[in-house]
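Residue numbers (this note's numbering), protein chains in the order written: chain A, 1 to 244; chain B, 245 to 488. Quick reminder that beta carbons are idealized off the backbone N, C-alpha and C, glycines included. Data block below; observations after.
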DNA sequence: CACACAACAACTGCATGCACTTCCTTGCAC
DNA sequence: GTGCAAGGAAGTGCATGCAGTTGTTGTGTG
């Protein structure tokens, strides 16, 4: 019933920490997650760390390959697009389930959340991205449908990974307005409008995020062109070997 | 990329075996899965068995509770209904992705599968249920979208659990016809029709399976009434303590 | 005879240790 | 200086052992 799979609370604590780190872009796609370092950091044995990594892998946030260090997942462009398609349908189900059924308490909480997003608008981009994601997850939680919650949460978190890979700087202005629109439609009990607003919102997010085409990387030599001049300032500094 | 989470192949072998056992109703909701017995049966240590159980739990097929023996999940009636709602949307995405894009080879395979379902019609119900489920999973595989496949597979397998809990005897006749209709619509490239046929099919399955209302179980005493007369023949023999 | 309770068996939670693989570094040949 | 191979460091795969929990059975008491 609880849909809680992370039995021992120690493994789930690691999962939460890593999820949050991904959400806040402290961990980026490809970053390494060695199970012993992880265990040491959290004061548990490799067994637990390993268990947590397995859990995260099943959520699609981490990639496990035999005999290799686990890494934060690196979604491909197609996967990112497909993910959003799924997410749109799932969140349509969320608003459908919620429409006109929100308690006063829940409405207040959602409005408070939107307000917080508002306040974070000029703050760090990391915070507003986290708040935006949490908005969607909170909605899914309110349905009380465990599977729906799980899938929405997973796709939402993976969306963040996609954004980290392909996304341009997140402009939260319109997103907040759209969140408010969703809340209003839910309160008004206008199912059709709520669903289309939500779908439109997510489509907009996906469009903004995945604007650039898969960039077929015409020729490797072209890519290397700006690097040709030795000691020239290089646009994006290459990161290597990131880890916990 | 592989979306494969079951790294060591030994754990994945256990997962597959249990999934199949659930599909074929060899394992029923509530059946116990002690990790040491599991390990012994598959010739691995508890560590691996435990890992497999964690994986299955994340798929919603198994319930883990701290310090307790893992059991095959027992979906509630509401969960079953919600699950089907999700599944319908997911499989609509599947046919949308597939419509008019099937290779000749894939078309043949699907037709062959339908034929096999046809042949199994008069055989054991277990086989036809398995084939019916595999049909949906095969479709999802053909999309090449890893997340979509994972979610369809999970919901499909959990549907079997719901059917085992609430379903009446599975009548596969119409199901096969509906599968054929889906194939035809896909081949014809009629997206709208394909999606509505698939949605209708799943809705029909859900309706047939979950026909009986949540049965509020008016009073516990009423339920026990037929058992009141000592030594009277009892309609449904109570099963206790099933296990691997 | 019903019931509380104690002892035991079964099982899980977790850390640790060993074997094996991967990956990096160093050193050597060219 | 370059290519490459061998050695070692780092990390994973897995079994096992022990501590703690749960469930059950048998026993004594009102």
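*Can you tell me the Cα-Cα spacing of residue 301 (chain B) and residue 264 (chain B), whole angstroms?*
Along the second chain, one-based indexing puts residue 301 (chain B) at 57. Along the second chain, one-based indexing puts residue 264 (chain B) at 20. If I take the Cα positions, the gap works out to 15 Å.
*Can you tell me the Cβ-Cβ gap for residue 391 (chain B) and residue 91 (chain A), rounded? I've got them flagged as a contact below 8 Å.*
The residue labelled residue 391 (chain B) in the question sits at position 147 within the second chain. The residue labelled residue 91 (chain A) in the question sits at position 91 within the first chain. In fact, because the Cβ distance is near 15 Å, the residues do not count as touching under 8 Å.
*Sort A:188, A:163, A:134, A:190 by Cα distance to residue 176 (chain A) and report the nearest one.*
As a position in the first chain, residue 176 (chain A) is number 176, starting the count at 1. The shortest Cα separation from residue 176 (chain A) among A:188, A:163, A:134, A:190 belongs to A:134.
*Mind pulling the chain B residues with CB within less than 7 Å of residue 145 (chain A)?*
Locating residue 145 (chain A) in the first chain gives position 145, where the first residue counts as 1. Within 7 Å Cβ-Cβ: 326.
*Within 10 angstroms of the Cβ of residue 145 (chain A), are there 16 or more other Cβ atoms? Answer buried if so, exposed if not.*
Mapped onto the first chain, residue 145 (chain A) falls at position 145. By the 10 Å Cβ count, residue 145 (chain A) comes out buried.
*Given that a residue counts as buried once 16 or more other Cβ atoms are within 10 Å of its Cβ, and exposed if not, what is residue 150 (chain A)?*
Within the first chain, residue 150 (chain A) is the residue found at index 150, counting from 1. Classification for residue 150 (chain A): buried.
*asked:* Tell me the rounded alpha-carbon separation between residue 362 (chain B) and residue 318 (chain B).
replied: As a first step, residue 362 (chain B) must be located in the second chain, where it is residue number 118. As a first step, residue 318 (chain B) must be located in the second chain, where it is residue number 74. One C-alpha to the other measures close to 30 Å.
*Does residue 54 (chain A) have its Cβ less than 7 Å from a Cβ in chain B?*
Start at 1 with the first residue of the first chain, and residue 54 (chain A) comes out as number 54. Taking Cβ atoms only, chain B reaches closer than 7 Å to residue 54 (chain A), which makes this a yes.
*So with Cβ pairs under 7 Å, would you call residue 462 (chain B) a contact of chain A?*
Counting from 1 along the second chain, the entry for residue 462 (chain B) is found at position 218. Because residue 462 (chain B) sits at a pLDDT of 49, beneath the cut-off of 50, its placement in the model cannot be relied upon, and the following sentence gives the value as read from the coordinates. No, residue 462 (chain B) lies away from the interface with chain A (no Cβ there is under 7 Å from its Cβ).
*residue 73 (chain A) - DSSP class collapsed to helix/strand/coil*: For the purposes of this step, residue 73 (chain A) is identified with residue 73 of the first chain, where counting begins at 1. Three-state result, residue 73 (chain A): coil.
_Secondary structure of residue 23 (chain A), DSSP reduced to three states_ = Taking the first residue of the first chain as position 1, residue 23 (chain A) is located at position 23. Residue state, collapsed to three classes: helix.
*Say whether chain A places a C-beta atom closer than 7 Å to the C-beta of residue 333 (chain B).*
Counting from 1 along the second chain, the entry for residue 333 (chain B) is found at position 89. Yes, contact with chain A.
*Counting only the same chain and skipping the five closest in sequence on each side, list residues whose C-beta sits under 6 Å from that of residue 307 (chain B).*
For the purposes of this step, residue 307 (chain B) is identified with residue 63 of the second chain, where counting begins at 1. Closer than 6 Å at Cβ, skipping near neighbours: 315, 317.
*Leaving out the 5 sequence neighbours to the left and right, which residues in its chain are closer than 8 Å to residue 36 (chain A) when beta-carbon positions are compared?*
For the purposes of this step, residue 36 (chain A) is taken as the residue at position 36 of the first chain. Excluding residues within five positions, the ones whose Cβ falls inside 8 Å are 46, 49.
*asked:* Counting only C-beta atoms, is residue 302 (chain B) closer than 7 Å to chain A at any point?
replied: Counting from one through the second chain, the residue named residue 302 (chain B) turns up at place 58. With 7 Å as the cut-off, residue 302 (chain B) counts as an interface residue toward chain A.
*Please compile the residues from chain A whose C-beta is within a distance smaller than 9 Å of the C-beta of residue 330 (chain B).*
The count along the second chain starts at 1 and reaches residue 330 (chain B) at position 86. Near residue 330 (chain B) (Cβ distances below 9 Å), the residues of chain A are 89, 90, 93, 145, 147, 148, 151.
*Are three or more beta carbon pairs between the region 421–433 of chain B and the region 350–367 of chain B nearer than 8 Å?*
yes
*Identify which residue in B:384, B:455, B:284 has its Cα closest to the Cα of residue 407 (chain B).*
Walking along the second chain from the start, residue 407 (chain B) turns up at place 163. Out of B:384, B:455, B:284, B:455 has the C-alpha closest to the C-alpha of residue 407 (chain B).
*Going by the CB atoms, is the gap between residue 140 (chain A) and residue 94 (chain A) shorter than 7 Å?*
On the first chain, residue 94 (chain A) is found 94 positions in, with the first residue counted as 1. On the first chain, residue 140 (chain A) is found 140 positions in, with the first residue counted as 1. Closer than 7 Å, so yes.
*Which one or two residues does DSSP pair with residue 389 (chain B) in a beta bridge?*
One-based indexing of the second chain puts residue 389 (chain B) at position 145. Residue 389 (chain B) is not bridged to any residue.
*Under a Cβ-count criterion, where at least 16 other Cβ atoms within 10 Å of its own Cβ denotes burial, should residue 132 (chain A) be classed as buried or exposed?*
The residue you call residue 132 (chain A) lines up with position 132 of the first chain. Label assigned to residue 132 (chain A): buried.
*By Cβ distance below 6 Å, which residues in the same chain neighbour residue 113 (chain A) in space, the five residues on each side in sequence not counted?*
As a position in the first chain, residue 113 (chain A) is number 113, starting the count at 1. Same-chain partners within the cutoff: 135.
*For residue 295 (chain B), return the contacting residues in chain A, with the cut-off set at a CB-CB distance below 7 Å.*
Within the second chain, numbered from 1, the residue matching residue 295 (chain B) stands at position 51. Under the 7 Å cutoff, chain A gives 54.
_So within the region 433–459 of chain B, which uninterrupted beta strand (DSSP E) runs reach at least 3 residues, ignoring any that extend past its ends?_
none
*Take the Cβ of residue 322 (chain B) as the centre, count every other Cβ of all protein chains shown within 10 Å, and call the residue buried at 16 or more, exposed below.*
Counting from 1 along the second chain, the entry for residue 322 (chain B) is found at position 78. It counts as exposed.
*Does the beta-carbon distance from residue 341 (chain B) to residue 399 (chain B) come in below 7 Å?*
The residue you call residue 341 (chain B) lines up with position 97 of the second chain. The residue you call residue 399 (chain B) lines up with position 155 of the second chain. Contact: no.
_Comparing C-alpha positions only, which one of A:101, A:86, A:123 sits nearest to residue 191 (chain A)?_
Your numbering for residue 191 (chain A) matches position 191 in the first chain. Among A:101, A:86, A:123, the Cα nearest to that of residue 191 (chain A) is on A:101.
*How many angstroms separate the CA atom of residue 207 (chain A) from the CA atom of residue 165 (chain A)?*
The residue given as residue 207 (chain A) occupies position 207 in the first chain. The residue given as residue 165 (chain A) occupies position 165 in the first chain. Going by the C-alpha atoms only, they are around 14 Å apart.
*Closer than 6 Å: residue 56 (chain A) CB and nearest the ligand HEM heavy atom*: The model on display carries no ligand, and the ligand HEM is accordingly not part of it.
_Short of 8 Å in beta carbon distance, which residues of its chain neighbour residue 109 (chain A), apart from the five on each side in sequence? Order them along the chain._
Here residue 109 (chain A) refers to the residue found at position 109 of the first chain. Result list for residue 109 (chain A): 138, in chain order.
*asked:* If distances are taken between C-alpha atoms only, which option among B:262, B:261, B:267 comes closest to residue 405 (chain B)?
replied: The count along the second chain starts at 1 and reaches residue 405 (chain B) at position 161. Out of B:262, B:261, B:267, B:267 has the C-alpha closest to the C-alpha of residue 405 (chain B).
_Using the Cβ count rule (16 or more neighbours within 10 Å means buried), how would you classify residue 270 (chain B)?_
For the purposes of this step, residue 270 (chain B) is identified with residue 26 of the second chain, where counting begins at 1. Burial call: exposed.
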